[in-house]
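Under our numbering, the first residue of the sequence shown carries the number 33, and numbering increases by one thereafter. For each residue, glycine too, the CB sits at the ideal point set by N, CA and C. Before any comments, here is the structure.
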Amino acid sequence: MNAGKKLIIVSNRLPCSFEKVNGNIRVEPASGGLITAMTSILRNKETIWIGWPGSDAEESEVAALIQGASPGNCRLVPVCLSSVEQAKFYHGFSNEILWPLFHDLQSRCNFAPCYWAIYRQVNKKYAMAVLQNADESDYVWVHDYHLLLMAEELRKLGVTRTLAYFHHIPFPSPDIFAKLPWRSEMLRAMLNFNVLGFQTSSDLRNFVRCLRRFASGDARINSEAKLLTLETNHGVVSAGAFPISIDFQEFSTRAASTGVTRMAAELRQNINVHHCVLGVDRLDYTKGIPERLRAFELLLDQSIELHRKVTLVQVVVPSREDIPKYQELKQEVERLVASINGRFTRDGWVPIHYVYRRLDRDELLAHYKAADIALVTPLKDGMNLVAKEFCVAQNGNEGVLILSECAGAAQQLKIGALLVNPNDLDGVASAIRRAMMFSRTERLCRMRTIRRSIARENVSAWAESFCNAVNSCAAEGHEPFACGVSA
Ligand code: ADQ
């Protein structure tokens, strides 16, 4: 690999956020699955990460602080958004249309016509940032639904190099995608990437079905193989399923450290019950937090013998706090926690421990390690890395994973996990009871199976298979795409 080549990552947000508090800028690491996965493959490669710093700060204010905040060998390039762009591109098109629609929650969508033009305008802004910061030979890897028009904008600017895209969230079925007023334009724009990566084979299948239905003249679909090839008027596009993961070695070694082990023991002592059930989520309505709390309440209603014996620790990391729907969700969660605790708390036992903040890596691992059961019940999720992180932190192989069948992770982890329908509260309550009654042998066997699968298909395997797909479709003589996967 030529050492001069750089990897250019483009995502809506940078891996840290720059909050303006009382006129001063506070830099904090950002949370989220995309960042967890990408930062673990950045160690060896010269990288530029282009994204929004997440505040109203001016480019010059951010630039002064940005280099100290960069992870590893990575240079951060801010794309600052005006307040109109934040309102219509980020809160509007991305979070009021694409996020709910792609998670099958179309009733939550606001298809305001004015969002589309600004979505395109901001995609062009990110494209310009790529032009200004990358050479023609650099590798450009675009991430997620905020930037679906970026390749089309780059092509309009004369860029001919290989462009790769990974879609972190689900891709909906044609019946759901049909609701999008700009459905054909969106699909056509996506065909300007050379490689399109999806989380699961069902996302890939949905994408192909949408193409057939809404852009049938634009692509001839050549095979049903693992990596599909789509012949378009501008060339060949490859599309495949690449299930994202975490760095098994890093998570598992750190979980076994003395510090994390001590912290986990302290947590366990404070909780002081037989069964510790854990939920960890970004604050988001797709994660099914209220439904999970109701299922736990049902469990307490149905099983008096579990009172004083089981506690749910629900950790929520603040997310999209300035959006009213998320503020409402936060209030709903707080109301539910208060009401359940009000009903069931007895001397020395609080049924739900609620934590609303970002945890650092060791604290998070200690929570995973301290738990007997992880309750990962999103209503819909591209993959869900929390499920994988919990299992990797279970060095003793003793924990049980209860996992929503609507998470992408279910395709990979279904053999060892207890799968549930997140809307079936009775089913979730029964699964918790079942998990508590598993023999040690059953728990060990299930968890070993899951951990072996994650170790095999870890984040480097994900990145490598994606890079191979890019290389297999790149023009002859093209320098191979490599993303700095650590050895
Ligand atoms: P997310 O929706 O952010 O990711 P997920 O994959 O579960 O969902 O990742 C959440 C990340 O946030 C995890 O790495 C977790 O450790 C971290 N996190 C959660 N709570 C935290 C807390 N309190 N403190 C600190 N960190 C916390 C999107 C898609 C997913 C997809 C990923 C990756 O929605 O479906 O799995 O991208 O592609």
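### Task
State the beta-bridge partners of W84 as determined by DSSP.
In DSSP, W84 forms a bridge with R45.
### Task
Can you check the segment 123-161 for any alpha helix (DSSP H) of at least 4 residues that lies completely inside it and give the ranges in chain order?
Runs of the alpha helix (DSSP H) inside the segment 123-161: 131-134.
### Query
Looking at C-beta atoms only, is the number of pairs between the segment 272-285 and the segment 358-374 that lie closer than 8 Å three or more?
No, because fewer than three Cβ pairs between the segment 272-285 and the segment 358-374 fall closer than 8 Å, the two stretches do not touch.
### Task
Please confirm if the segment 406-426 is in contact with the segment 434-454, defined as three or more CB-CB distances below 8 Å between the two stretches.
Touching, per the Cβ criterion.
### Proximal residues to F470 (C-beta, below 7 Å), its chain only, five neighbours per side dropped
So the list reads V432, once near-sequence residues are dropped.
### Residue span of the beta strand (DSSP E) that contains I303, given as start and end
For I303, no beta strand (DSSP E) encloses it; the enclosing alpha helix (DSSP H) starts and ends at 290-303.
#### Entry: Minimum length 3: unbroken beta strand (DSSP E) runs contained in the segment 437-483
The segment 437-483 contains these whole beta strand (DSSP E) runs: 450-452.
### Task
Could you tell me whether any non-hydrogen atom of the ligand ADQ is closer than 7 Å to the CB of M415?
A heavy atom of the ligand ADQ is found nearer than 7 Å to the CB of M415.
### Query
For the ligand ADQ, any of its heavy atoms closer than 7 Å to the Cβ of D313?
It does: the Cβ of D313 is within 7 Å (strictly closer) of some heavy atom of the ligand ADQ.
### Query
On the three-state DSSP scale, how would you describe L331?
Helix.
### Close beta carbons around R58, own chain, < 7 Å, minus the five adjacent residues each side
These residues qualify, in order along the chain: E51.
### Query
Given K362, which residues of its chain have a CB within under 7 Å of its CB, disregarding the five upstream and five downstream residues?
L315.
### Task
With a threshold of 7 Å, establish whether the CB of G65 neighbours any heavy atom of the ligand ADQ.
For the ligand ADQ, at least one heavy atom lies less than 7 Å from the Cβ of G65.
### Message
What does the Cβ neighbour count give for H399, buried or exposed, with the cut at 16 atoms within 10 Å?
### Response
Around the beta-carbon of H399, 16 or more other beta-carbon atoms lie within 10 Å, marking it buried.
### Query
Given a threshold of 16 other Cβ atoms within 10 Å of its Cβ, counted over all protein chains shown, does N226 qualify as buried or as exposed?
Counting Cβ neighbours within 10 Å, N226 comes out buried, since at least 16 surround it.
### Query
Taking just the CA atoms, how far does L330 sit from G459?
Cα to Cα, the separation comes out at about 10 Å.
### Residues sharing a beta bridge with F50, DSSP
Beta-bridge pairing links F50 to V59.
### Selection from A493, A149, S284 that minimises the alpha carbon distance to P213
Considering only alpha carbons, the answer is A149.
### Task
Verify the contact flag: L411, CB atom, against every heavy atom of the ligand ADQ, threshold strictly below 7 Å.
In terms of side-chain proximity, the C-beta atom of L411 is found no nearer than 7 Å to any non-hydrogen atom of the ligand ADQ.
### Task
Tell me whether G249 is buried or exposed, calling it buried when 16 or more other Cβ atoms sit within 10 Å of its Cβ.
Flag for G249 reads exposed.
### Query
Should Y386 and Q359 be called a contact, given that it needs their Cβ atoms to be closer than 8 Å?
No, the pair does not count as a contact, with Cβ atoms beyond the cut-off.
### Segment contact, 8 Å Cβ cut-off, at least three pairs: the segment 303-315 with the segment 335-345
Flag = yes, the segment 303-315 and the segment 335-345 touch.
### Query
What are the uninterrupted segments assigned as beta strand (DSSP E) that are 3 or more residues long and contained completely in the segment 351-402, given in chain order?
Correct list: 384-388.
### Query
Which whole-angstrom value describes the C-beta separation of N44 and W84, a residue pair presumed to lie in contact below a C-beta threshold of 8 Å?
That belief holds up - the Cβ atoms of N44 and W84 are roughly 6 Å apart, short of 8 Å.
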